[in-house]
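In what follows, a single structure is set out as structure tokens and then discussed.
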Amino acid sequence: MNKILLIALATAPALVMTTPAAAQSVSGVVDITGSVGEKCIVTDDGTPTSGDFGGSVNLGQLDDVDGTLKSSGDLEAAFLAAGTANLTYRIVCTTPNTKLTVNANELTTGATVSAGYANTVHYNASVQLALVGGNQSLSNDSLLVPGGAEQTFTARLATGPTNVAVTANNFRTPGADDVMLAGTYNGNILITIAPAS
Amino acid sequence: MRPLVAPIRRFCRISSGRGGLVAGALLCLLCAAAAVPLGSAAAQTTVYAPGDGTPNQANLSIDVLASVGGRCGFAENQAPEGSFDQRNFDVTGFTEDFPFVLNCTGPSRVAVVSSNGGLKTAGTAPAGYSVLAPYDVSLHLVSNTSEVADATCPASALVAGTGSCATFRGAASATQGLRIGAASTNQTGSYLRVAANPYDQAVGPTLVAGEYADTLTVTLSASP
Numbered sequence: 008m009n010k011i012l013l014i015a016l017a018t019a020p021a022l023v024m025t026t027p028a029a030a031q032s033v034s035g036v037v038d039i040t041g042s043v044g045e046k047c048i049v050t051d052d053g054t055p056t057s058g059d060f061g062g063s064v065n066l067g068q069l070d071d072v073d074g075t076l077k078s079s080g081d082l083e084a085a086f087l088a089a090g091t092a093n094l095t096y097r098i099v100c101t102t103p104n105t106k107l108t109v110n111a112n113e114l115t116t117g118a119t120v121s122a123g124y125a126n127t128v129h130y131n132a133s134v135q136l137a138l139v140g141g142n143q144s145l146s147n148d149s150l151l152v153p154g155g156a157e158q159t160f161t162a163r164l165a166t167g168p169t170n171v172a173v174t175a176n177n178f179r180t181p182g183a184d185d186v187m188l189a190g191t192y193n194g195n196i197l198i199t200i201a202p203a204s
Numbered sequence: 037m038r039p040l041v042a043p044i045r046r047f048c049r050i051s052s053g054r055g056g057l058v059a060g061a062l063l064c065l066l067c068a069a070a071a072v073p074l075g076s077a078a079a080q081t082t083v084y085a086p087g088d089g090t091p092n093q094a095n096l097s098i099d100v101l102a103s104v105g106g107r108c109g110f111a112e113n114q115a116p117e118g119s120f121d122q123r124n125f126d127v128t129g130f131t132e133d134f135p136f137v138l139n140c141t142g143p144s145r146v147a148v149v150s151s152n153g154g155l156k157t158a159g160t161a162p163a164g165y166s167v168l169a170p171y172d173v174s175l176h177l178v179s180n181t182s183e184v185a186d187a188t189c190p191a192s193a194l195v196a197g198t199g200s201c202a203t204f205r206g207a208a209s210a211t212q213g214l215r216i217g218a219a220s221t222n223q224t225g226s227y228l229r230v231a232a233n234p235y236d237q238a239v240g241p242t243l244v245a246g247e248y249a250d251t252l253t254v255t256l257s258a259s260p
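One line per chain: the protein sequences are B and S, in this order. All residue numbers for the first sequence refer to our numbering, where the first residue is 8 and numbers rise by one. All residue numbers for the second sequence refer to our numbering, where the first residue is 37 and numbers rise by one.
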């Protein structure tokens with residue numbers, strides 16, 4: 008009798024437990040953090056010969072028929088003829104503000120200069136930034152030593168196709184009527200774009 | 037069980053032969069009632085006391101049915117928990133696994149919810165910039181058998197209520213979540229993986245500088 012009862016007691020709970028248990032739900036939590044640093048990224052570098060972005064401009068023959076420097080207008084046109092591949096770039100910065108410096112270095116040749124002659128051509132370089140909210144520009148004349156001071160623009164660079172463009176004007180010799188000395192002339196425009204908090 | 041039948045029946049025969057007692061009759065009735073379910077063979081077989089004849093025992097077969105209800109959870113201290121930080125992830129990208137151990141005696145499902153739908157930083161981004169960095173979430177589930185389950189969805193598809201990852205977005209339930217069709221009891225090898233390639237700033241949108249964060253909530257449910 009006792010054994011029979013024991014079997015009955017053992018079976019009863021077993022039958023109860025054949026009902027599937029309700030689905031349980033438990034959870035865990037994973038936290039992921041990271042950072043994006045302050046930086047500028049060149050996404051369209053032009054055709055640089057050095058540095059992170061840039062290009063080359065060949066102004067061709069500098070002297071006019073009378074031996075003096077061609078007109079600034081002619082040289083400005085020659086400068087622009089280098090085209091967008093050399094003179095426009097795309098740079099994005101992760102910061103809300105943008106720092107820019109422009110340093111124009113004059114065109115010079117190695118020939119020894121004497122009175123009435125020139126081995127140097129000065130000019131003014133301008134860099135135009137396409138910023139969120141509008142364009143801004145910064146210029147520097149090669150006659151100024153040292154170069155242009157850093158300027159902070161309180162806006163992000165716009166993210167259009169290109170957002171940095173370079174132009175040059177006011178080409179001139181030290182003396183207005185200086186005769187250009189023969190030679191190969193070299194100069195450059197140094198542009199620095201940096202992130203700013 | 038078997039040895040009890042003969043003494044009971046002998047007791048009953050003895051009680052009847054002697055005019056019986058009420059208590060003895062009741063006991064016989066109880067014994068008979070208890071013995072009925074034991075099978076028809078018992079009812080047709082006479083079992084004798086040793087020395088009174090044979091057989092001296094009867095074989096009884098009792099089917100005992102039982103089951104264990106579905107138990108399902110993460111093994112103790114083995115839930116997918118933790119934190120991961122990657123400086124300058126836009127440059128480096130990242131991959132990180134969060135291992136966990138299932139302890140489910142039957143099929144189960146695992147689901148994930150992303151609080152931000154990506155790594156997010158504060159503020160509003162101007163046109164062309166972004167304050168939300170995408171990344172992928174993968175689940176790999178192992179079982180007691182060779183069966184495994186794998187799936188990957190972008191974090192953007194794991195936002196509660198709106199994400200498009202039908203495979204494992206949301207809170208796990210019997211019908212929601214990545215399903216592993218076999219029991220997985222204390223098997224190591226399951227993991228949640230978060231991963232992102234270096235961000236292509238040339239394609240953009242450009243991620244703005246800042247601290248980014250997201251929280252993934254991983255839930256587990258039995259899925260009978």
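Each residue gets a CB set at the ideal place from its N, CA and C atoms; glycine is no exception.
Between the alpha carbons of residue i and residue j, how many angstroms are there, rounded?
i	j	result
T251 of chain S	Q135 of chain B	42 Å
V100 of chain S	T141 of chain S	21 Å
V58 of chain S	I98 of chain S	In this prediction, V58 of chain S scores a pLDDT of 38, lower than 50, which makes its location untrustworthy; no coordinate-derived value is stated.
N113 of chain S	T253 of chain S	16 Å
T127 of chain B	R163 of chain B	37 Å
V61 of chain B	N193 of chain B	In the sequence under discussion, the amino acid at residue 61 of chain B is Gly, which differs from the Val named in the question. Roughly 15 Å between the two C-alpha positions.
V43 of chain B	Y96 of chain B	23 Å
L138 of chain B	C108 of chain S	57 Å
T198 of chain S	S151 of chain S	11 Å
L177 of chain S	G35 of chain B	15 Å
G246 of chain S	T40 of chain B	11 Å
A158 of chain S	S63 of chain B	41 Å
L66 of chain B	P103 of chain B	37 Å
A29 of chain B	A210 of chain S	Interpretation of A29 of chain B is limited by its pLDDT of 44, a score under 50 that renders its predicted location unreliable; the figure taken from the coordinates is listed afterwards. Distance between the alpha carbons of A29 of chain B and A210 of chain S is about 9 Å.
C100 of chain B	T242 of chain S	8 Å
P162 of chain S	T166 of chain B	10 Å
G117 of chain B	L188 of chain B	9 Å
D38 of chain B	G154 of chain S	12 Å
L256 of chain S	N180 of chain S	17 Å
F178 of chain B	N110 of chain B	15 Å
T161 of chain B	N142 of chain B	12 Å
A208 of chain S	V146 of chain S	6 Å
S259 of chain S	E117 of chain S	22 Å
Looking at C-alpha atoms only, which residue of the options is the closest neighbour of residue i?
i	options	result
A185 of chain S	S:F125, S:G217 and S:P91	S:G217
A191 of chain S	S:P170, S:S209 and S:A202	S:P170
S79 of chain B	B:G182, B:S144, B:A175 and B:N110	B:A175
H129 of chain B	B:G140, B:G141 and B:E113	B:E113
R229 of chain S	S:T90, S:D88 and S:F120	S:F120
A203 of chain B	B:V33, B:E45, B:D38 and B:V37	B:E45
S144 of chain S	S:Y248, S:R205, S:L214 and S:E132	S:L214
L90 of chain B	B:N195, B:I48 and B:T54	The amino acid occupying residue 90 of chain B in the given sequence is Gly; Leu does not appear at that position. Ranking the options by Cα distance to G90 of chain B, first place goes to B:T54.
S57 of chain B	B:A172, B:N195 and B:V120	B:N195
L151 of chain B	B:P181, B:G123, B:T161 and B:A172	B:P181
F110 of chain S	S:C201, S:G225 and S:E132	S:G225
C47 of chain B	S:S259, S:A249 and S:Q237	S:Q237
I200 of chain B	B:G190, B:N170, B:A183 and B:D184	B:N170
Could you tell me the boundaries of the beta strand (DSSP E) in which residue i lies?
i	result
S259 of chain S	From DSSP, S259 of chain S is part of no beta strand (DSSP E); its letter is neither H nor E.
D121 of chain S	G118 to Q122
F136 of chain S	F130 to C140
E113 of chain B	N104 to T115
F160 of chain B	Q158 to F160
Using a Cβ cut-off of 9 Å, pull out every chain S residue sitting near residue i, in sequence order please.
i	result
T166 of chain B	P162, A163, G164, Y165, G240, P241 and T242
V139 of chain B	P162, A163, G164 and Y165
How would you list, in chain order, the residues of chain B whose beta-carbon sits under 9 Å from the beta-carbon of residue i?
i	result
T253 of chain S	S34, G35, V36 and V37
A245 of chain S	S42, V43, G44, E45, K46, C100, T101, T102, P103, P202 and S204
Can you tell me where the alpha helix (DSSP H) with residue i in it begins and where it stops?
i	result
G80 of chain B	S79 to L87
T91 of chain B	T91 to L94
Along chain B, in chain order, which residues have C-beta atoms closer than 7 Å to that of residue i?
i	result
Y248 of chain S	T40, G41, S42 and V43
Q122 of chain S	G41
D126 of chain S	V43
Please list the partners that residue i has in chain B, where partner means a Cβ-to-Cβ separation under 8 Å.
i	result
L228 of chain S	V37
G118 of chain S	V37 and D38
Q237 of chain S	I48, T50 and V99
A115 of chain S	V33, S34 and G35
Quick one: which chain S residues come within Cβ less than 7 Å of residue i?
i	result
R163 of chain B	P162 and Y165
Check distances from the C-beta atoms of the segment 69–103 of chain B to those of chain S and list, in chain order, the residues that come in under 7 Å. V99, T101 and T102
Taking beta-carbon pairs under 8 Å, can you tell me which members of the segment 38–49 of chain B lie near chain S? D38, I39, T40, G41, S42, V43, G44, E45, K46 and I48
Which residues of the segment 198–224 of chain S have a Cβ closer than 8 Å to any Cβ of chain B? Give them in chain order. A207, A208, S209 and A210
Could you name the residues of the segment 147–159 of chain S whose beta carbon sits closer than 8 Å to any beta carbon of chain B, in the order they occur along the chain? L155 and T157
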